[in-house]
Amino acid sequence: MKKIAILSQKGGAGKTTLAVHLAVAAELGGKSTAIIDLDPQASASDWGDSRDDETPVVVSGQAARLSNMLEIAEDAGADLIIIDTAPHSENASLQAARAADYILVPCRPAILDLRAIGYTVDVVNLAKKPACVVLNAVPPQGSIAHDAAKAITQYDIEIAPIKLVQRVAYQHALTAGLTAQEYEPSGKAAFEIQQLYKWTAQQVHL
Ligand SMILES: Nc1ncnc2c1ncn2[C@@H]1O[C@H](COP(=O)(O)OP(=O)(O)O)[C@@H](O)[C@H]1O
Ligand SMILES: [Mg+2]
221 MKKIAILSQK GGAGKTTLAV HLAVAAELGG KSTAIIDLDP QASASDWGDS
271 RDDETPVVVS GQAARLSNML EIAEDAGADL IIIDTAPHSE NASLQAARAA
321 DYILVPCRPA ILDLRAIGYT VDVVNLAKKP ACVVLNAVPP QGSIAHDAAK
371 AITQYDIEIA PIKLVQRVAY QHALTAGLTA QEYEPSGKAA FEIQQLYKWT
421 AQQVHL
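For what it's worth, my numbering labels the leading residue of the sequence shown as 221, then goes sequentially.
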């Protein structure tokens, strides 16, 4: 069983968006997948409740119970666990990071998000786990992603080769209890998520 933690000390960076989209991509790829939602705001759990589909399973819980929840998932035969986390929660984020095989750090290419990335990188370094930044909600045109990538080079963290563009499909899908792949299977969001999933699966040898 592989474990991926989604971390960002900044709210609104795209943690939950990434968690649910990667989880559905994994399920579509035949991997039994669950999301562990450590955010007290429970957005991923709410999304899970609003779905007709039973999968991916979404379990809400506290970081103190994480190892227990992971054990239950492993016993149940899960292939992949995606841990969604809360912003401004260094302790819980650190526990998620320590439990994970790999960490994804979504980051918007905006100045406040870029400034906040140092806090998340500190957590990643404390956990000593492989990680990378996923640029998210990148404008479809212009050089902002390039500038953001340059700004991130000052931190000790890699950048994923696939970025997610700002697309209404991500928002519409979530509102409907779906993901972009289900909402608009041949859309651009579905395609870039599939690319990101493929790349992420390689990083954890899934
Ligand atoms: N690539 C994207 N394109 C459009 N909207 C996005 C994108 N990523 C995230 N959002 C929207 O931004 C908001 C915050 O995203 P969310 O995943 O909830 O962030 P977090 O979990 O880090 O707080 C949500 O309304 C979500 O739909
Ligand atoms: Mg969230």
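Glycine is no exception: its CB is placed at the ideal position from the N, C-alpha and C atoms.
Quick check on residue i: does DSSP put it in helix, strand or coil?
i	result
Ser287	helix
Thr420	helix
Leu314	helix
Val382	It is Ile, not Val, that sits at residue 382 in the sequence shown. Coil.
Ser265	helix
Thr253	strand
Leu300	strand
Cβ of residue i versus every heavy atom of ligand 1: is any distance shorter than 7 Å?
i	result
Gly250	no
Arg335	no
Tyr417	no
Val354	no
Pro359	no
Ser287	no
What do you get for residue i, buried or exposed, if any count of 16 or more other CB atoms within 10 angstroms of its CB means buried?
i	result
Lys235	buried
Gln391	exposed
Asn288	exposed
So is the beta-carbon of residue i under 7 Å away from any non-hydrogen atom of ligand 2?
i	result
Thr420	no
Thr236	yes
Asp259	yes
Asp304	yes
Pull the bridge partners of residue i from the DSSP assignment, please.
i	result
Lys223	Ile301
Ala351	Ile323
Val341	Answer by DSSP bridge pairing: none, since Val341 is not bridged.
Ser280	Asp257
Cβ of residue i within 7 Å of any heavy atom in ligand 4?
i	result
Ser263	In terms of ligand content, the structure shown lacks ligand 4 and carries ligand 1 and ligand 2 instead.
With contact counted as at least three CB pairs below 8 Å, one residue from each stretch, are the region 289-308 and the region 222-229 in contact? yes
Quick check: the region 340-349 against the region 316-328, are there 3 or more CB pairs under 8 Å? yes
Does the pairing of the region 349-369 with the region 252-259 give three or more beta-carbon distances under 8 Å? no
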